[in-house]
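Student: For reference, the structure I am asking about is given below.
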Amino acid sequence: MNSRYFKKFWNENAGDELTDSWGNSTLYFETDSNLNVAKQLQLFQNGRTLKYDLQNFENEYGFLTDQPLDRQEFSNDEIKKDKFYEIWNK
Numbered sequence: 001m002n003s004r005y006f007k008k009f010w011n012e013n014a015g016d017e018l019t020d021s022w023g024n025s026t027l028y029f030e031t032d033s034n035l036n037v038a039k040q041l042q043l044f045q046n047g048r049t050l051k052y053d054l055q056n057f058e059n060e061y062g063f064l065t066d067q068p069l070d071r072q073e074f075s076n077d078e079i080k081k082d083k084f085y086e087i088w089n090k
């Protein structure tokens, strides 16, 4: 798999009463070459983190997206693999 990595700041609440008090968040994604998401991390303003992958794809707070990332929306948000794993492995 030719993985790609993305980071996107999300300047709004998730619309979920469980996480809305956590603040804005930054989303991190590991995708295949077609931008299908294999790993997803959401780092909130208050320091809380939600992680999802193919083995842990859902919990009470959210789930791994089942839609590929939009090429245009994420065209300027690609990051290096080591930056993604620096956050993922915390």
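84 is the number that UniProt numbering gives to position 84 of the sequence shown; each next residue is one higher, with no gaps. Backbone N, C-alpha and C fix where the C-beta goes; we use that ideal spot for every residue, glycine too.
(1) Quick check on ARG4: buried or exposed, where buried means 16 or more other Cβ atoms within 10 Å of its Cβ?
(2) In chain order, which alpha helix (DSSP H) runs of at least 4 residues are fully inside the segment 9 to 80?
(3) What's the gap between the Cα of TYR61 and the Cα of ASP70?
(4) Can you tell which of ASP66, SER75, THR19, GLY47 has the C-alpha that lies nearest to the C-alpha of ALA38?
(5) Is THR31 close to chain C? Criterion is C-beta to C-beta, closer than 7 Å.
(6) Answer yes or no: do SER25 and GLN42 have a C-beta to C-beta separation smaller than 7 Å?
(7) State the DSSP-derived secondary structure class of LYS90, mapped to helix, strand or coil.
Tutor: The answer reads as follows:
(1) By the C-beta density criterion, ARG4 is buried, having at least 16 other C-beta atoms within 10 angstroms.
(2) None, since the segment 9 to 80 contains no complete alpha helix (DSSP H) of that length.
(3) Each residue's Cα considered, the two are about 23 Å apart.
(4) For ALA38, the nearest C-alpha among the options comes from ASP66.
(5) In the structure shown, chain C does not exist; there is a single protein chain.
(6) In this structure, GLN42 lies closer than 7 Å to SER25 by Cβ.
(7) Of the three classes helix, strand and coil, the one that applies to LYS90 here is coil, per DSSP.
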